[in-house]
Structures are given as C-alpha cells and as structure tokens.
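In what follows, a structure is listed as structure tokens, so that the remarks can point back to it.
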Amino acid sequence: MKIAALKERHPNETRVAITPDIVKLFIRSKFDICIETKAGLAAGFSDEDYIAAGAKVSKVPLEVIGDADIILKVQPTPIDEKINELSFAKKGALIIGLLLNSEKNLFEAYADKKINAMSLELMPRISKVQHMDVLSSQSNLAGYRAVIEAAYHCLGIFPMLMTSAGTILAKKTLVIGAGVAGLQAIATAKRLGGIVQAYDVRQATKEQVESLGAKFINTHLQDCETKSGYAKAKLDSASVKAQNEILTNAAKNNDIIITTAQIPGKKAPILISKEMIAQMKPGSIIIDLAAGTGGNTELTKADKIVDINGVKIIGYTNFAGLVPNDASRLYAKNLYNVITYAFNDGVLNASDDVIKSMLVTFEGKVVYGL
Numbered sequence: 018m019k020i021a022a023l024k025e026r027h028p029n030e031t032r033v034a035i036t037p038d039i040v041k042l043f044i045r046s047k048f049d050i051c052i053e054t055k056a057g058l059a060a061g062f063s064d065e066d067y068i069a070a071g072a073k074v075s076k077v078p079l080e081v082i083g084d085a086d087i088i089l090k091v092q093p094t095p096i097d098e099k100i101n102e103l104s105f106a107k108k109g110a111l112i113i114g115l116l117l118n119s120e121k122n123l124f125e126a127y128a129d130k131k132i133n134a135m136s137l138e139l140m141p142r143i144s145k146v147q148h149m150d151v152l153s154s155q156s157n158l159a160g161y162r163a164v165i166e167a168a169y170h171c172l173g174i175f176p177m178l179m180t181s182a183g184t185i186l187a188k189k190t191l192v193i194g195a196g197v198a199g200l201q202a203i204a205t206a207k208r209l210g211g212i213v214q215a216y217d218v219r220q221a222t223k224e225q226v227e228s229l230g231a232k233f234i235n236t237h238l239q240d241c242e243t244k245s246g247y248a249k250a251k252l253d254s255a256s257v258k259a260q261n262e263i264l265t266n267a268a269k270n271n272d273i274i275i276t277t278a279q280i281p282g283k284k285a286p287i288l289i290s291k292e293m294i295a296q297m298k299p300g301s302i303i304i305d306l307a308a309g310t311g312g313n314t315e316l317t318k319a320d321k322i323v324d325i326n327g328v329k330i331i332g333y334t335n336f337a338g339l340v341p342n343d344a345s346r347l348y349a350k351n352l353y354n355v356i357t358y359a360f361n362d363g364v365l366n367a368s369d370d371v372i373k374s375m376l377v378t379f380e381g382k383v384v385y386g387l
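Positions in the sequence shown are counted from 1; adding 17 to them yields my numbering.
Have a look at this one:
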C-alpha cells in the first residue's frame with residue numbers, strides 16, 4: 018500500500034503529517050511512502066532526511082497522491098486551492114487528518130469523489146486508543162506554548178524576584194479548563210515560578226490540579242461532567258451564575274488567563290465576558306486556546322491579538338504549530354498507530370467501533386453524525 022503526504026497548505030499550518038523517523042516504521046510495515054518536496058521544511062525536516070529514511074520525494078503533487086491508498090494530513094487543504102488532495106486523490110483513497118472543523122461542504126465533496134475520510138478529533142476517549150490520540154498530544158504542546166506566549170507578551174516576569182532594588186511579585190495565572198492543555202499550562206506556569214489557580218466544572222479534576230501545585234477554585238458548582246469525560250455543553254442556571262461569580266472575581270485578580278474549554282464538533286463556550294475583561298488590569302494577558310472554534314471570550318478574534326484598554330487577548334488558532342518539530346513528531350507517531358490499528362492485510366477494518374466512530378465519509382456517503 019502507498020501512503021502519501023502533500024505539503025500542508027492550510028493557512029498558518031507549519032506541521033507535517035509524517036516525519037522521517039515514522040517513514041522508517043512504515044517501511045518496516047511494508048508500506049511505500051511518497052511525500053511532496055519541502056513538505057517538512059517548516060517543521061525542520063529536509064527532503065534529504067526523508068530520502069535517507071526511505072521515502073520517495075517528488076515535486077509533482079499528482080505523482081505524490083494520484084495513486085495513494087492513504088493520504089495523511091494535518092489539516093485539509095482549502096477547496097479553492099489549486100493544488101488539493103480532493104482533486105488528485107483516486108476513488109477509494111482514505112484521507113486521515115484533523116478534519117472536523119474544516120470548511121463547509123468538504124465532507125460532501127469527499128463523498129461525491131468517493132473518497133473515504135477519517136477525522137482524528139472523533140477518537141473515542143478510552144484507554145486502549147490513548148496511543149492514537151492526536152488531540153491529547155497536540156493539546157499538551159499547545160498548553161505549554163500558551164504559557165510561553167503569555168510570558169513573551171507579559172510586561173513583567175513570572176517568578177518572584179528579590180533584588181537590592183526591591184521585590185518583584187510572582188505573576189498570578191488562572192487556567193480555565195483542566196484537560197490535557199490546561200494541566201500542561203498549569204505545570205508550565207508553575208515551572209516558571211508563577212502563582213497558579215485553575216477552574217473546571219468537573220470536580221474530578223480537583224486532585225489533578227492540586228497535584229501540580231495549583232489552587233482549584235471551583236468550590237460552588239455541582240459536578241458537570243458527562244459520561245464521556247467532557248464538561249457538559251450546557252449548565253443549569255444556578256451553575257452558570259456560580260461560574261460567572263467565580264470567574265469575574267478571578268479575572269480581576271489574575272495577571273494572565275489561559276482558556277482551554279472546547280466541545281468536540283461544536284462552538285466553544287463563552288466563559289469570559291466583555292464585562293469581565295473590562296475589570297481586568299491593564300497589562301493583563303488572555304491566551305484563548307479555543308479561538309479556532311469561536312473562542313472562550315466574547316472579544317476573541319481568530320489569529321489576532323486584540324488590545325482592550327491594555328488587556329491583550331491572543332487568539333492564535335494553532336498553538337501546537339508554534340512548536341512544529343515536536344508537534345509533528347508526536348502527530349506522526351499517533352497517525353502511525355492509527356494506521357497499523359485500522360488496517361488488516363491492506364484492508365480498512367471499517368466495522369471496528371473505534372474506526373467507525375472516526376469515519377466522516379465512507380463509500381460515497383457522509384457518515385458523520387449518523
């Protein structure tokens with residue numbers, strides 16, 4: 018079977034779906050690998066690295082994916098791009114990537130072309146597939162990078178510093194959402210010497226937050242966790258009121274806020290209102306990791322830095338892409354694990370519950386949401 022990858026053409030995407038070390042693993046598993054020239058350059062991987070690993074490198078996109086059985090993506094190429102896997106892929110090819118938040122009608126376009134597609138965001142949250150979970154690996158890096166970005170834009174420093182000229186107080190950081198990204202943000206902010214608080218509607222996260230040295234500030238809400246482990250999409254009125262009171266007070270008293278709340282396949286919940294932002298101190302920073310799905314603040318703008326009376330709201334949509342070398346390595350290993358799990362003797366096991374849950378198009382039909 019042939020596995021192929023084009024250079025990523027989605028705006029601001031610096032990662033690559035296959036790395037030289039994973040090329041070697043695929044070749045050992047009897048796959049042929051072909052990639053477009055310079056596909057890994059933005060992530061620090063040269064064509065020579067891929068060739069040395071055993072991949073074929075081509076300047077001709079049609080040659081790369083025209084006869085490919087599996088096409089690996091980070092994000093789908095916009096439909097209006099001249100060089101597009103949608104145009105070049107053969108009937109029955111399988112495209113795998115982060116497809117869920119793609120442009121409207123992309124799934125219908127795949128189905129019309131009889132292209133099968135698998136969206137990695139739909140990976141079930143069960144222990145046996147953790148080694149395939151790209152959301153966890155990428156969120157981990159995003160949480161780290163969010164704190165680094167906050168430190169860069171901050172007008173001061175994170176740790177307390179005692180000098181002959183006086184004492185600098187440690188920066189106070191609030192992390193909203195104690196999932197993978199939030200926990201890594203907590204750990205990174207603590208390593209930098211900050212004072213960290215964390216908020217999550219799921220009471221089960223309290224122990225994890227406190228194990229990292231942060232203060233858990235949800236003391237009023239009932240538990241709001243779904244059976245799948247996510248936060249409930251909608252809270253009752255009493256919980257919403259308590260949440261607003263907690264976050265209003267916390268926003269006023271923290272220098273940095275990092276928001277991470279997202280709901281797979283849906284718009285991110287608004288947690289920080291413009292009224293809360295108005296009460297924050299000039300020089301405060303909000304890093305919104307949910308900017309790609311609408312944002313957790315009322316004033317977030319995707320891929321923009323908004324300044325509201327001295328409060329910066331940073332809404333980059335691809336924080337993992339700011340550390341593309343390590344992000345690509347983890348992503349590519351996750352994909353390798355997905356493919357070796359999904360295929361038996363060159364045939365996609367579409368009846369497997371895990372695989373079935375991730376398919377968005379199959380055999381000419383859109384199956385997402387069915």
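Each residue gets a CB set at the ideal place from its N, CA and C atoms; glycine is no exception.
Inter-residue Cα distance where the pair is residue i and residue j
{"i": "Q260", "j": "K251", "result": "12 angstroms"}
{"i": "D272", "j": "D253", "result": "29 angstroms"}
{"i": "K24", "j": "N235", "result": "44 angstroms"}
{"i": "F360", "j": "V81", "result": "21 angstroms"}
{"i": "P37", "j": "S119", "result": "27 angstroms"}
{"i": "N29", "j": "L139", "result": "23 angstroms"}
{"i": "I143", "j": "I331", "result": "32 angstroms"}
{"i": "E65", "j": "M297", "result": "50 angstroms"}
{"i": "I96", "j": "K107", "result": "16 angstroms"}
{"i": "H231", "j": "K269", "result": "What sits at residue 231 in the sequence shown is Ala, not His. Their Cα atoms are separated by approximately 18 angstroms."}
{"i": "D362", "j": "M18", "result": "10 angstroms"}
{"i": "E292", "j": "T357", "result": "50 angstroms"}
{"i": "K207", "j": "S228", "result": "11 angstroms"}
{"i": "E125", "j": "V328", "result": "41 angstroms"}
{"i": "I87", "j": "I20", "result": "5 angstroms"}
{"i": "P78", "j": "F62", "result": "18 angstroms"}
{"i": "V323", "j": "N313", "result": "14 angstroms"}
{"i": "L116", "j": "L89", "result": "11 angstroms"}
{"i": "L209", "j": "K189", "result": "11 angstroms"}
{"i": "T184", "j": "A337", "result": "34 angstroms"}
{"i": "C295", "j": "Y67", "result": "Reading off the sequence, residue 295 comes out as Ala, not Cys. Spanning the two alpha carbons is a distance of roughly 51 angstroms."}
{"i": "V371", "j": "K47", "result": "23 angstroms"}
{"i": "D305", "j": "Y333", "result": "7 angstroms"}
{"i": "G386", "j": "N354", "result": "24 angstroms"}
{"i": "F105", "j": "Q225", "result": "46 angstroms"}
{"i": "I132", "j": "R32", "result": "23 angstroms"}
{"i": "G57", "j": "A182", "result": "48 angstroms"}
{"i": "A255", "j": "G311", "result": "24 angstroms"}
{"i": "V340", "j": "K130", "result": "34 angstroms"}
{"i": "R45", "j": "L316", "result": "49 angstroms"}
Three-state secondary structure assigned by DSSP to residue i
{"i": "Q214", "result": "strand"}
{"i": "I287", "result": "coil"}
{"i": "G338", "result": "helix"}
{"i": "L306", "result": "coil"}
{"i": "E166", "result": "helix"}
{"i": "V197", "result": "helix"}
{"i": "M293", "result": "helix"}
{"i": "V33", "result": "coil"}
{"i": "D66", "result": "helix"}
{"i": "V257", "result": "helix"}
{"i": "K189", "result": "strand"}
{"i": "F105", "result": "helix"}
{"i": "L178", "result": "strand"}
{"i": "T205", "result": "helix"}
{"i": "T265", "result": "helix"}
{"i": "I44", "result": "helix"}
{"i": "I356", "result": "helix"}
{"i": "I39", "result": "helix"}
DSSP bridge partner residues for residue i (one or two, in chain order)
{"i": "M156", "result": "A small fix is needed here, since residue 156 is Ser in this sequence, not Met. Partner(s): none; S156 has no beta bridge."}
{"i": "G114", "result": "S136"}
{"i": "V74", "result": "I52"}
{"i": "D324", "result": "K329"}
{"i": "F379", "result": "K382"}
{"i": "N361", "result": "V364"}
{"i": "T314", "result": "I289"}
{"i": "F233", "result": "A215"}
Residue i, enclosing beta strand (DSSP E) - first and last residue
{"i": "D150", "result": "Unbroken run through D150: none, as it is neither H nor E."}
{"i": "G183", "result": "G183 to I185"}
{"i": "V328", "result": "V328 to I331"}
{"i": "S119", "result": "No beta strand (DSSP E) holds S119; DSSP gives it neither H nor E."}
{"i": "L89", "result": "I87 to L89"}
{"i": "A22", "result": "K19 to A22"}
{"i": "T276", "result": "I273 to T276"}
Residue i Cβ short of 7 angstroms to the ligand PLP heavy atom set
{"i": "A259", "result": "Questions concerning the ligand PLP fall outside what the structure shown contains, since it holds no ligand whatsoever."}
Residue i - containing alpha helix (DSSP H), residue span
{"i": "I224", "result": "Correcting the residue type first, residue 224 is Glu in the shown sequence and not Ile. Segment K223 to S228, the alpha helix (DSSP H) holding E224."}
{"i": "S136", "result": "Taken as a continuous stretch (DSSP letters only), S136 belongs to no alpha helix (DSSP H), being part of the beta strand (DSSP E) at N133 to S136."}
{"i": "D370", "result": "D370 to M375"}
Given 8 angstroms, three or more beta-carbon pairs between the segment 92-112 and the segment 36-44: No, because fewer than three Cβ pairs between the segment 92-112 and the segment 36-44 fall closer than 8 angstroms, the two stretches do not touch.
The segment 167-178 / the segment 150-158 touching (three or more Cβ pairs under 8 angstroms): Contact fails: fewer than three Cβ-Cβ distances are below 8 angstroms.
At least 3 beta-carbon pairs within less than 8 angstroms: the segment 154-169 vs the segment 339-350: A contact between stretches requires three or more CB pairs, one per stretch, nearer than 8 angstroms, and the segment 154-169 meets this requirement with the segment 339-350.
At least 3 beta-carbon pairs within less than 8 angstroms: the segment 185-201 vs the segment 215-225: Using a Cβ-Cβ distance cut-off of 8 angstroms, the segment 185-201 and the segment 215-225 are in contact, since at least three pairs of beta carbons, one from each stretch, lie closer than that value.
Three CB pairs or more closer than 8 angstroms across the segment 176-195 and the segment 277-289: As far as the Cβ criterion goes, the segment 176-195 touches the segment 277-289, which means the pair count is three or higher.
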